[in-house]
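Participant: Protein chains in written order, with my numbering: chain A, 752 to 1116; chain B, 841 to 1117. C-beta: ideal position from N, C-alpha, C; glycine also. In this text the structure is predicted, and so the values were computed from the model without any measurement. Here it is: the structure, laid out below.
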């Protein structure tokens, strides 16, 4: 019997027919709800297969008017009992609040969260410094292997992508600069542009963005999933400080590597720019290098090298901080990873502006 | 239970013959790189039975389940569910068979962004998008209640639940489409003995009520004694034996002996006899 579910309503007897299963229920629920007259009995002897949904529909009819059911086999009777026993009101979603209150609530929560995050970040920065201080007092606790491992992940493995990016950026700066300067017949000043902007700003800034996207996010995701798997708790119980084992190696390696990576990026960008100058502006490499030495003050190199470790610190701390904040579910790991990258890049750019003002005011122009 | 609308093109008599075998696995081979997990698994699961699958850690119990439900493509072998070949089927055909079974994963595998009740509704929404919203909510309500969860669990998110509640919620979702076949991966692992016994009872009662066939992976000897009709033993990359527990014990295989006659096995057997008495 594979007829769809249906019913007959005669002499106060509601007789169901066909298969009362989820797949074959059709519009039966709507039609049953639309019944105006209340049945006195329910008859099931013409029903084929029946599943819990069918049983539930029968239960709904029976429940409303408390009427007897005929023709139910033992199994179906049992099923009806089970369904009736499971008839308990259930909320599907948590209660929703009025929209206005919700907006207020969200604004308030966001403000509090922002404040707490800032406070937490400072707190974490302090804890990192204290951890570092502890390490200085007890150098034997220094985890050389972990730092070396992070050196490889953060630094060595990033060389290719940072190099490629910087090379292209160097070409783009040279090309755009040359196009504009050509209008004044001053293409040769493209060399000033390339040398100064890459060493002072772009080399280290682009590297910071790449490291934040590559390593900051990885820190947040690694520490976050370790927190979820209770690995961090296990470490604490065993007596291993997560700060020393997880955070400090990452922070130290990023702080140490950022100047190297930033300088490397600037050099590769200058090579890219130099090659463009050679091909497009007919400036041979030897002239390019000589000119660069003339026009780029050594302070530009210092500016880049001073900024880089600070950026590295910000990236590593915000990555580790967000990772350690993970609790609850896997979704949190994703949210925290995103937050760590956004936070790191934002803070890097804010600090870059501060540095720009500072270096101008001390005369390193 | 009468037959479903025909799905395969197989001749009717061909179907009758296999009618009572819900899962048919033959010559199944699985390997991960160098490591061979299964080397010729043969296993049949009959309609209406609860088959327990046991084996030491790493013998590929979960891999066997994953091969049957199509999450792991085996290197070789035949897997048929409801008489339908499952390997190499195109997605659309496989999907039609898939909705006739429910799976409870080890950790529950609830969708973390949805509430428990919404989790239960996911499969129903997917296959029956035209269902009345009120009926959908009612179905979620009685499914959740049937698995023994309290009413206040409905609007909670999985991260707010305990392990046992998550398993029950997972079971409610597995039962959402009123499947004929249920796969359970260690359903009582990590539950306290009271919850575990209640879970066993729940599965046995659902089997009676809904006429389910159950493929049950477990380490829990109490579960094996309490609800399994037959037990399949996985060892040495094969199914070394299938049968009732007394049948298995009669085989004199050292691993089976140790499994069922070790201290825990004896305790579970004693408990089972006490319950029957």
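When you compare the CB of residue 803/A with every CB in chain B, is at least one pair closer than 7 Å?
Facilitator: Interface criterion met: the Cβ of residue 803/A is under 7 Å from a Cβ in chain B.
Participant: Taking beta-carbon pairs under 7 Å, can you tell me which members of the stretch 955–966 of chain B lie near chain A?
Facilitator: 955, 957, 958
Participant: To the nearest angstrom, report how far apart residue 1055/A and residue 856/A are at their CA atoms.
Facilitator: 43 Å
Participant: Using three-state DSSP, classify residue 797/A as helix, strand or coil.
Facilitator: DSSP places residue 797/A in strand when its eight states are reduced to three.
Participant: Measure from the alpha carbon of residue 1076/B to the alpha carbon of each residue in 879/B, 863/B, 870/B, then state which is nearest.
Facilitator: 879/B
Participant: Identify every residue that forms a DSSP beta bridge with residue 771/A.
Facilitator: Answer is 801/A, bridged to residue 771/A.
Participant: Among the candidates 1093/B, 908/B, 1066/B, 989/B, whose CA atom is the shortest distance from the CA of residue 1055/B?
Facilitator: Nearest C-alpha to residue 1055/B: 908/B.
Participant: Between the stretch 976–993 of chain B and chain A, which residues of the former have CB atoms less than 7 Å from a CB of the latter, in chain order?
Facilitator: 977, 978, 979, 980, 981, 982, 984, 985, 986, 991
Participant: List the endpoints of the continuous alpha helix (DSSP H) containing residue 959/B.
Facilitator: 956–967
Participant: What residue does the alpha helix (DSSP H) around residue 955/A start on, and which one ends it?
Facilitator: 954–962 is the span of the alpha helix (DSSP H), which, as asked, contains residue 955/A.
Participant: To the nearest angstrom, how far is the alpha carbon of residue 912/B from that of residue 906/B?
Facilitator: 5 Å
Participant: Please list, in chain order, all residues of the same chain as residue 846/B whose beta carbon is under 6 Å from its beta carbon, the five residues on each side excluded.
Facilitator: The predicted model places residue 846/B with a pLDDT of 42, which falls under 50 and marks its position as unreliable; any figure quoted below should be read in that light. Cβ contact annotation for residue 846/B (same chain, cutoff 6 Å, sequence separation greater than five): none.
Participant: Using the beta-carbon count (16 or more within 10 Å), is residue 870/B buried or exposed?
Facilitator: buried
Participant: Which partner residues does residue 870/B have in the DSSP bridge list?
Facilitator: Secondary-structure assignment with DSSP links residue 870/B through a beta bridge to 878/B.
Participant: Which residue or residues does DSSP assign as beta-bridge partners of residue 941/B?
Facilitator: 1021/B
Participant: Just verifying my parser: in three-state terms, what is the DSSP assignment at residue 997/B?
Facilitator: coil
Participant: Which runs of the alpha helix (DSSP H), 4 residues or longer, sit entirely within the stretch 875–922 of chain A?
Facilitator: 895–901
Participant: What residue range is occupied by the uninterrupted alpha helix (DSSP H) comprising residue 1061/B?
Facilitator: 1061–1067
Participant: Which of helix, strand or coil does DSSP assign to residue 1070/B?
Facilitator: strand
Participant: Determine the closest residue to residue 1085/B out of 924/B, 1074/B, 1064/B, 1079/B, with distance taken between C-alpha atoms.
Facilitator: 1064/B
Participant: Can you tell me the Cα-Cα spacing of residue 1089/B and residue 805/A, whole angstroms?
Facilitator: Here the C-alpha atom of residue 1089/B lies approximately 43 Å from the C-alpha atom of residue 805/A.
Participant: Is residue 1056/B helix, strand or coil when you go by DSSP?
Facilitator: Strand at residue 1056/B.
Participant: Closer than 7 Å, Cβ to any Cβ of chain B: which residues of the stretch 830–853 of chain A, in chain order?
Facilitator: 830, 833, 834, 837, 838, 839, 840, 841, 842, 843, 844, 845
Participant: Quick one: is residue 952/B near chain A, going by C-beta distance under 7 Å?
Facilitator: It does: the Cβ of residue 952/B has a partner Cβ on chain A nearer than 7 Å.
Participant: Taking the runs of the beta strand (DSSP E) that are 3 residues or longer, which of them lie wholly in the stretch 1070–1098 of chain B?
Facilitator: 1070–1075, 1078–1083
Participant: From the DSSP output, read off the bridge partner residues of residue 766/A.
Facilitator: Bridge partners of residue 766/A: 759/A, 794/A.
Participant: Taking 6 Å as the cut-off, is the C-beta of residue 954/A nearer than that to any heavy atom in the ligand MN?
Facilitator: With respect to small molecules bound, the structure shown includes none, and the ligand MN cannot be examined in it.
Participant: Can you tell me where the beta strand (DSSP E) with residue 890/B in it begins and where it stops?
Facilitator: 890–895
Participant: For chain B, check one thing: does any of its Cβ atoms lie closer than 7 Å to the Cβ of residue 773/A?
Facilitator: yes
Participant: Against chain B, does residue 943/A count as a neighbour if the rule is that its beta carbon must be under 7 Å from one of theirs?
Facilitator: no
Participant: For residue 941/B and residue 910/B, I'd like the C-alpha separation in whole angstroms.
Facilitator: When the Cα atoms are used, residue 941/B and residue 910/B turn out to be separated by approximately 12 Å.
Participant: Let me check one thing: in DSSP terms, what residues is residue 925/B bridge-paired to?
Facilitator: Residue 925/B is bridged to 920/B.
Participant: Put residue 968/A into one of helix, strand or coil per three-state DSSP.
Facilitator: Three-state DSSP puts residue 968/A in a helix.
Participant: Counting only Cβ pairs nearer than 7 Å, list the residues of chain A close to residue 995/B.
Facilitator: 842, 843, 844, 845
Participant: If you pair each beta-carbon of the stretch 1057–1076 of chain A with each one of the stretch 1029–1040 of chain A, do three or more pairs fall below 8 Å?
Facilitator: no
Participant: Note down the Cα distance separating residue 796/A from residue 767/A, rounded to an integer number of angstroms.
Facilitator: 8 Å
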